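Let me begin by presenting the structure, written as structure tokens, before commenting on it.
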Amino acid sequence: MTSTREISGSRLARSLTFLTISFFISWLAGNGKLAKIVHPRMNLWIEGAGALFLVLAFAQMLLLSKKPRHSDPVSFFVPIAYVLAITFIFVQSNTFSPSRFDEGDDSVAVENAIFSKRDKIAAQASKGALPSTIAFDDDRYWTLYNRLYDVPSAAAGHQVVIQGFFHRTGGYPADTALIGRNLMWCCSADMSGIGLVARGQEVAGFKESDWVEASGRLSTIEFDMNGDGKKTTIPLIVIDSLKHVDKGATSSIIFPF
Amino acid sequence: MLSPDTAAWLRGASETFTTTLAGLAFETIPFLLMGTLLSATIQAFVPDQALKRLFPKNRYLSILVALLVGVFIPICECGTVPLARRLRQKGMPLSTAVAFLLAAPLVNPMTIISTFVAFRGTGNPVFAARLGLGLASAFIVALIVEFASRNRPSIDILGQSGRAAKLKFTRAEGAAIPAPPLLPVSSSGITRSRPSIASRAAATLEHASYDFLDSGRYLIAGITIAAIARAFIPTRAILHSLGTPLAATGTGLLSAYILSLCSSADAFVARSIFAPSSYFAVKAFLVFGPMIDLKNTILLSRFVKPRHLIAFVGIVALVVGAVTLSASLLMEAL
């Protein structure tokens, strides 16, 4: 005869699963890694879900001695463990997502529609008045990126400083690399890399996904970005200096709105 | 040994897989949880009759109401599946539940606002087109479902028959605390007192726990397949044929289905990969994606016979393709 005080394995598994999800979300939110997965405007939803998982876990704990008439199959729990494991690997890695959606010339057309009013005013005010040294900081990264790709020659001759991932594909010339950041609209599934092509002998000493700072003079180049034989005029950094830098608190992701 | 190119390609594919899987999982799981909680709350707290009073008795008017109900339940497409199933279990006609399933993510205020923002300044009223064409497509599909299922109750894409009927037993048995009857009547016919709020709340949490774990594994399978597709099918292979309106529409439908993006953010992606080359593709992508995609197909496969599911996805694709293509051609002609 089964004791009514016997602990239900299914309930224990449910409870531990919900607790694990809740703690995992807390861990992601607490150390800022949530921003690698979803846009900050989604934080409230995710953290709210984390709290609800905690409630579900406690509800299952309260019913621990009430055994369900059918045990939950293992397939209820394995997928959750697998998703958490993959997510853990992802947030711990240094992933640059080049050209996920940035597959054609049209991508450059994603521009002013999403600028805030403040950004628009700032962008208009700076038309024709780019500073002699252009620094790609977080707040202006997306604005500057569009401005330079819209009219690559507009900033030719200016000095530029940019931090980001080092990226090279097999199709790039030996002295050429892309220095870029990830752009996220909503979550990492729609993330794509944006950045500037840099040229110089210095690129030989770096490997994929290194976090670097490049400085140099802006020029233009006819470049086959996608390896499909179509060349377009894009901005180019003629490298003066390329070095490893401590990423510190710098976000690898740009959120355009 | 792998060549450097192959190794680099594999590395890129595996990174794309983990990046996509993590993003889709954390974007959809909160909405699935909210969907299952809302569904369980309706089960425990809302009497069948009260729900039925919300919808007109006339089937066509009921479909029209269902198209707009989603405005008040702002959740994405993953959360609408358990809710639509609950409406069906509460006795709503299949066509009404299908109309809700297809339209709710489109009339979600977050979807409308994000589409407006993404296409602001393009001179193309994409958000209005998305809303109008989406509601028209959902209405047509609901009508098709209404006529197809009227004399064939075995057709039920929300799982009240066939395979799902067997699952109902498991579901009811799996719960330690069954949902309390909302209009409790004893065997003698004398109405008993209503169950307490606490027992209903406990039943809500119990059902939500079970439903979340049950549906979650299918959602995760769908997300995994979508992530594999994203990792191994180059986007440019999908985007290669935007040449003719028909090809562009097909490309939009296929991309929306495979990419399985959240309806609250897909407008930005559509803008970046299709516009301004092809607004045919943009409209098909934005209308079809929230209605049904790869991850939701796998989620529905839990409850629906494969042939019914394939037919349903095919009908939605055909209707959305025809509606968006016709509207785009008409707009171009004008």
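Residue numbers (my numbering), protein chains in the order written: chain A, 8 to 264; chain B, 582 to 915. Cβ coordinates follow ideal geometry from the N, Cα and C atoms, glycine included. What you are looking at is a predicted structure, and each value in this text was computed from that prediction instead of being measured.
ask   = Going by the CB atoms, is the gap between A:I87 and A:G57 shorter than 9 Å?
value = Not in contact: A:G57 and A:I87 (Cβ atoms no closer than 9 Å).
ask   = From the beta carbon of B:T787, is the nearest beta carbon of chain A less than 9 Å away?
value = According to the sequence shown, residue 787 of chain B is Glu rather than Thr. True, the Cβ-Cβ gap to chain A drops below 9 Å.
inquiry  = So B:I644 and B:T600 are supposed to be a Cβ contact under 8 Å. How far apart are they, rounded?
reply    = That belief does not hold up - the Cβ atoms of B:I644 and B:T600 are roughly 39 Å apart, past 8 Å.
message = Can you check which of these residues, B:R592, B:L649, B:A589, B:R667, is closest to B:L619 by C-alpha distance?
response = B:R667
key: Which residues DSSP lists as bridging A:F230, in chain order   = A:T239
message = If distances are taken between C-alpha atoms only, which option among A:T94, A:W218, A:G236 comes closest to A:I28?
response = A:T94
key: A:W149 - DSSP class collapsed to helix/strand/coil   = helix
A:R21 at chain B interface by Cβ criterion, 9 Å = yes
task = Count the other CB atoms, across all protein chains shown, that sit within 10 Å of the CB of B:G902; report buried if there are 16 or more and exposed otherwise.
result = buried
task = Could you please give the first and the last residue of the uninterrupted beta strand (DSSP E) stretch that includes B:T825?
result = Neither: B:T825 is in no beta strand (DSSP E) and is coded neither H nor E.
query = Shortest alpha-carbon distance to B:G797 belongs to which of B:E727, B:E596, B:L605?
reply = B:L605
request  = Could you please give me the residues that DSSP links to A:G202 through a beta bridge?
outcome  = In the DSSP secondary-structure assignment, A:G202 is bridged to A:G187.
task = Identify each residue in the segment 870–897 of chain B for which the Cβ-Cβ distance to at least one residue of chain A is less than 7 Å, and report them in chain order.
result = none
ask   = Would you report the Cα separation of B:N732 and B:A898, rounded to the nearest angstrom?
value = 24 Å
ask   = With distances taken between CB atoms, is the gap from A:I241 to A:V204 smaller than 9 Å?
value = Yes, the Cβ-Cβ distance between A:I241 and A:V204 is below 9 Å.
ask   = Assuming B:L739 contacts B:R669 under a Cβ cut-off of 8 Å, what Cβ separation, rounded to an integer in Å, is found between them?
value = 4 Å
task = Pick helix, strand or coil for B:A746, following the three-state DSSP scheme.
result = Any reading at B:A746 must be qualified, since the residue scores a pLDDT of 40, below 50, and its modelled position is unreliable; the value itself is stated next. Here B:A746 sits in helix by DSSP.
Cutoff 9 Å: A:G187 Cβ touching any chain B Cβ = no
ask   = If you follow the alpha helix (DSSP H) that A:V98 is part of, which residue opens it and which one closes it?
value = 85–99
message = How far does the beta strand (DSSP E) with A:F103 in it extend, from its first residue to its last?
response = First-last for A:F103: undefined, no H or E at that position.
message = Taking a contact to mean a Cβ-Cβ separation below 9 Å, would you say B:A621 touches B:F849 in this structure?
response = no
key: Cα-Cα separation between B:A746 and B:T587, rounded to whole angstroms   = Summary for B:A746: the model assigns pLDDT 40, below 50, so the residue's position carries little reliability, and this model does not support an answer.
key: Separation of A:T24 from B:P611, as counted between CA atoms   = 15 Å
ask   = chain B beta carbons: is any one of them nearer than 9 Å to that of A:E215?
value = yes
query = If you measure from the beta carbon of B:G824 to each beta carbon in chain A, is any gap under 9 Å?
reply = no
request  = For the alpha helix (DSSP H) holding B:H889, just list the boundary residues, first then last.
outcome  = 887–914
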